[in-house]
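Worksheet: the structure to be examined is printed underneath.
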Amino acid sequence: MIESINKLLPVDRVASVTKAAVMKAGPAVQPSFERIKKKLELSRNRASGFRPAPIEQDASPLSPSLKERFSSLLRLRTFGILVAVTVCLTLYINNLLTINALSAENEILREKISISRSINAALEVELQEHQTIHRISSQAEKHGLRESAVPAVEIFY
């Protein structure tokens, strides 16, 4: 029966599929390809009654402290902190850009206000001139003076 399973599912195929699945899982859970292959062969040999030598542990070139640093980087808490910092930084930059846009709009509005004030001052002066002419006309009518039909003559020196 084991022979028929070996024909249907070769060891190399199972090992390559297992390796691909482990690679997707991430570096924190990646045993070596050879170790997976040995475990698969060991389980098949146990089913047939053969007992090979035990699998030796993977000698990793990374020191334990370096492994701990990498594993701490892969923790969900660290990922969450990175996401939170990224969101805060994005909001901060968005606020800065919004403040700059509002500042520019504020300057434009200040210029418009100053132009409107100068126009208002000019209109008030013109209004006072018209009121003065109207007041003089009304005072002249009270004293019996009328408007002349002959146009005024200007004398230049």
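Quick note on numbering: UniProt numbering labels position 18 of the sequence shown as 18, and the sequence is numbered without any gaps.
Positions of the beta carbon are idealized from the N, C-alpha and C atoms, including for glycine.
All figures in this text were calculated on a predicted structure; none of them were measured in a lab.
Tell me the rounded alpha-carbon separation between residue i and residue j.
i	j	result
LEU102	LEU96	10 Å
LEU123	SER116	10 Å
THR90	VAL83	10 Å
LEU74	LEU40	28 Å
ARG135	HIS143	13 Å
THR78	VAL85	11 Å
ILE108	VAL87	32 Å
SER138	ALA121	26 Å
GLY80	SER65	23 Å
ILE119	SER148	34 Å
ARG146	ALA152	14 Å
ILE133	ALA140	10 Å
ILE113	ASN106	10 Å
GLN30	GLU68	Because the pLDDT of GLN30 is 47, which lies under 50, any placement of that residue in the model is unreliable, and the question is left without a value.
TYR92	GLU126	51 Å
ASN100	ASN94	10 Å
Is any heavy atom in the ligand HEM found nearer than 7 Å to the beta carbon of residue i?
i	result
ARG146	The ligand HEM is not among the ligands present in this structure, which contains no ligands whatsoever.
Given residue i, which residues of its chain have a CB within under 8 Å of its CB, disregarding the five upstream and five downstream residues?
i	result
PHE156	none
ARG110	none
Could you name the residues of the same chain whose beta carbon sits closer than 6 Å to that of residue i, not counting the 5 residues immediately before and after it, in chain order?
i	result
GLU154	none
Counting only the same chain and skipping the five closest in sequence on each side, list residues whose C-beta sits under 7 Å from that of residue i.
i	result
VAL150	none
#### Entry: Completely contained beta strand (DSSP E) runs for the region 85-151, where each covers 3 or more residues
Along the region 85-151, the beta strand (DSSP E) does not occur as any fully enclosed run of 3 or more residues.
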